[in-house]
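In my numbering, the protein residues as written are 2 to 550. Just so it is clear, CB atoms sit at the ideal spot from N, CA and C, and this is done for glycine as well. Notes for the one structure printed next.
What follows is the structure, encoded as C-alpha cells:
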C-alpha cells in the first residue's frame with residue numbers, strides 16, 4: 002500500500018498529508034460529495050406571502066403557520082428570529098424505506114445504496130439552521146425510531162456538540178405488544194434532547210395526584226409517607242445492618258428478615274428514634290417499622306424531576322394521537338400513519354418552556370405542537386407562541402394535495418375556534434389566532450424588482466418581534482409599536498406626500514424607519530430619535546446566504 006506514494010513529489014506528499022489531517026478521526030461520515038445534490042438547497046432570497054383567507058382570527062397575529070419547504074422557512078426565520086426560539090420540537094421522517102422520506106421529489110426506498118447518506122444530508126442542512134434559531138438557553142427535542150436513532154445521535158453531537166447532549170427519552174408508543182412480529186416487537190420510540198448551550202434550565206413536572214396521595218399521614222411536624230426501613234441486602238451481605246431494634250410501645254425486639262437488613266446503621270437508627278422519624282403504624286403497635294418521609298423536606302417541593310421513561314398512561318400512545326385527529330379532523334384522519342399525541346408534546350413544553358416562550362416545529366405534520374401550546378396556555382394562563390412549518394406534499398399524481406393548509410392549519414383552526422367531534426357534539430374552541438404564510442423564493446438577480454411591499458413589511462415586523470399585522474395599502478406609512486418606540490416603513494415616497502411623511506416621522510419620540518430612499522428622508526428629517534435603514538439592503542444583509550445587492 003505504501004508503494005503507491007513512491008512516485009509522489011514532496012509537494013504532493015505534503016498535500017496528501019494535509020488532506021488526511023483534515024479528515025474526521027472519529028464520528029459520523031456520509032457520502033456528501035457522492036449523493037445527488039438536494040434540490041431544496043438554494044441561495045435564493047425567501048419572502049413570505051400573507052394568506053388572509055388561510056389565517057385564523059383577527060390581526061395582530063401572534064402565531065405563524067408557514068407553508069413551504071422547511072429549508073426555505075428556516076433560512077427566512079434565521080433573518081427574523083435568530084436566537085429567539087426557546088424550544089424546538091420536530092418529528093422528521095424516520096427513513097424506514099416505506100415511502101416516508103422524499104429526497105428530490107422521489108421516495109427513498111430500502112434498496113437505495115445512499116439511503117442513509119441522503120437522510121443525513123437532509124437533516125444536517127436543517128439542524129444547522131435550527132441551531133442558529135435557538136436562544137442561548139434554548140433546547141431541541143427530536144422524535145426518532147430505531148431506523149436512524151444512532152446516526153441521528155452522532156449527527157446531533159456534530160451539530161450541537163456532544164457536551165450539549167441532555168437525554169435520550171423513551172416514549173412507550175404502544176400499550177400492547179404485537180404477537181405476530183417476526184423478531185422482537187417494538188414498543189417505543191426515542192426523543193433526543195440537546196441544549197443550545199449550558200445555559201438551559203429544565204422545569205419540574207407537576208406532582209400528580211397519585212404522588213400526593215402517598216403523603217396521607219401527618220403529625221406535629223407535617224405531612225409524611227411511610228418508607229421502607231429495610232434495604233435489599235441480606236444479613237450476610239450487611240452484618241452491621243442486621244441487629245434488633247426495640248418496638249417502643251410493646252418492648253419487643255424486632256429483627257429484619259434474614260434475607261434483608263436495616264437501611265440504617267445503629268447510630269443512625271438511634272438518631273431516628275430521638276427525632277421521632279420511626280413510624281409504627283396508626284395504632285403504634287406494628288411489628289414492621291417505617292421511616293417518616295416528610296413532604297416539606299423534599300428537595301423539589303414544587304414538582305418532580307423529569308426522567309427519561311415516558312409511559313403511554315402519562316403521555317399517550319399512537320392510538321391516542323389517531324383518535325385525537327379523528328375527533329378533530331375526521332376527513333383527514335388517515336393523512337398521517339404515526340401522529341404524536343398532544344400529551345406527549347405537552348410533556349416537552351412543561352419541561353422546556355416558560356409562559357412567554359416561543360416554540361418552533363418545522364416538521365409540523367398534523368399540527369400537534371400548536372395544539373399542545375394552545376392547551377398548555379389555557380391551563381397555566383401562559384402566552385406561549387408557536388411557529389409551524391409544513392410542506393404541501395403535493396406530487397405529480399396529486400398536484401392539488403396540501404397537507405399544510407388542509408390538515409395542519411385546519412386542525413389548529415378548529416382547536417382555536419371549536420368544532421363538532423365525530424359524535425356530533427360541540428367542542429368549545431380554546432382561543433388564539435395565527436397568520437398563514439407561504440414561502441416564496443426570489444432569485445438574487447431579480448430581488449430588487451420582484452420583492453413586494455407586503456413581503457417587506459411582514460419581514461420587518463417579525464424582525465422586531467412585533468405581532469403581525471396586514472399591509473395597509475391606504476396608509477402613508479406602515480407603522481408598528483415595539484418595546485422602545487415604533488418601526489416605520491415608507492413604502493411610497495413622492496413629491497406629493499413627502500411633506501406629510503416628514504411631519505409624521507418628526508412627531509415620533511423614537512423610531513426606526515425603513516425606506517428605499519433613506520438618504521432623501523435623512524436630508525429632510527431633523528429628529529434625533531429616528532434612525533434610518535435602507536431597503537432591501539437591510540433584509541439582504543440579515544438574510545445572507547449569498548444574496549448580494
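If I follow the unbroken beta strand (DSSP E) through residue 281, where does it start and stop? Neither: residue 281 is in no beta strand (DSSP E) and is coded neither H nor E.
Drop a sphere of 10 angstroms on the beta-carbon of residue 81, count the other beta-carbons inside from all chains shown, and report buried for 16 or more, exposed for fewer. buried
Nonlocal neighbours in the same chain, by C-beta distance under 8 Å from residue 417, ignoring five residues either side: 57, 58, 375, 430, 431, 432, 433, 434 and 435
Between which two residues does the alpha helix (DSSP H) harbouring residue 82 extend? 71 to 82
Entirely enclosed beta strand (DSSP E) segments - the region 207 to 266, minimum 3 residues: 218 to 220 and 223 to 229
With distances taken from CA atoms, which of 251, 350, 42 and 482 is nearest residue 202? 350
Whole-number beta carbon distance between residue 227 and residue 570, since they are thought to touch under 8 Å: Residue coverage of the chain in this structure runs from 2 to 550, which leaves residue 570 outside it and unanswerable.
Environment of residue 87 [buried if 16+ CB atoms lie within 10 Å]: buried
Assuming residue 84 contacts residue 136 (C-beta within less than 8 Å), just tell me the rounded distance between them. 6 Å
Let me confirm a value: residue 537 is counted as buried when at least 16 other C-beta atoms fall within 10 Å, else exposed. Which label applies? buried
According to the Cβ coordinates, are residue 93 and residue 171 closer than 9 Å? no
Can you tell me the Cα-Cα spacing of residue 68 and residue 517, whole angstroms? 28 Å
Tell me whether residue 13 is buried or exposed, calling it buried when 16 or more other Cβ atoms sit within 10 Å of its Cβ. exposed
Below 8 Å CB to CB, which residues in the same chain sit around residue 207 once its five sequence neighbours on both sides are set aside? 304, 305 and 351
Work out the CA separation of residue 244 and residue 320 for me, nearest whole Å. 53 Å
Backbone CA spacing between residue 134 and residue 78 [nearest angstrom]: 7 Å
Going by the DSSP bridge assignment, what does residue 362 pair with across the sheet? 389
Starting from the C-beta of residue 346, find all residues in its chain whose C-beta is less than 7 Å away, skip the five residues before and the five after it, and write them out in chain order. 90, 369, 370 and 373
Going straight from the alpha carbon of residue 329 to that of residue 365, what length do you get? 16 Å
Taking only three categories from DSSP, how would you classify residue 3? Confidence at residue 3 is low in this model, with a pLDDT of 46, below 50, so its placement is unreliable and no value can be given for it.
Apart from the five residues just before and just after residue 21, which ones in its own chain have a Cβ nearer than 6 Å to its Cβ? none
May I have the straight-line CA-CA distance separating residue 260 from residue 316, to the nearest angstrom? 38 Å
Please state whether the Cβ-Cβ distance between residue 490 and residue 458 is less than 9 Å. yes
Output needed for residue 530: all residues of its chain with C-beta closer than 6 Å, excluding positions within five of it in sequence on either side, in chain order. 510 and 511
Reduced DSSP secondary structure (H/G/I, E/B, other) of residue 53: strand
Beta strand (DSSP E) runs contained entirely in the region 459 to 494, provided each spans 3 or more residues: 479 to 483 and 486 to 491
Give the single residue among 173, 71 and 327 whose Cα lies nearest to the Cα of residue 425. 327
Spell out a yes or no on whether the region 445 to 453 and the region 389 to 408 are touching, meaning 3 or more CB-CB pairs, one atom from each, closer than 8 Å. no
Can you say whether residue 282 is buried or exposed, counting buried as having 16 or more other CB atoms within 10 angstroms of its CB? exposed
For residue 30, which option in 108, 17, 157 and 415 has the closest C-alpha, if you only look at C-alpha atoms? 157
Given residue 28 as reference, the closest of 124, 159, 176 and 125 once Cα atoms are compared: 159
Is it the case that the region 518 to 527 contacts the region 501 to 509, given that we only count it when at least three CB pairs across the two stretches are under 8 Å? yes
Tell me which residues share the same chain as residue 224 and place their Cβ nearer than 6 Å to its Cβ, disregarding the 5 neighbours each side in the sequence. 216 and 296
Restricting to Cα atoms, I'd like to know which of 384, 115, 532 and 187 is closest to residue 177. 187
When burial is assigned at 16 or more other CB atoms within 10 Å of the CB, is residue 341 buried or exposed? buried
Along the chain, where does the beta strand (DSSP E) containing residue 189 start, and where does it finish? 189 to 196
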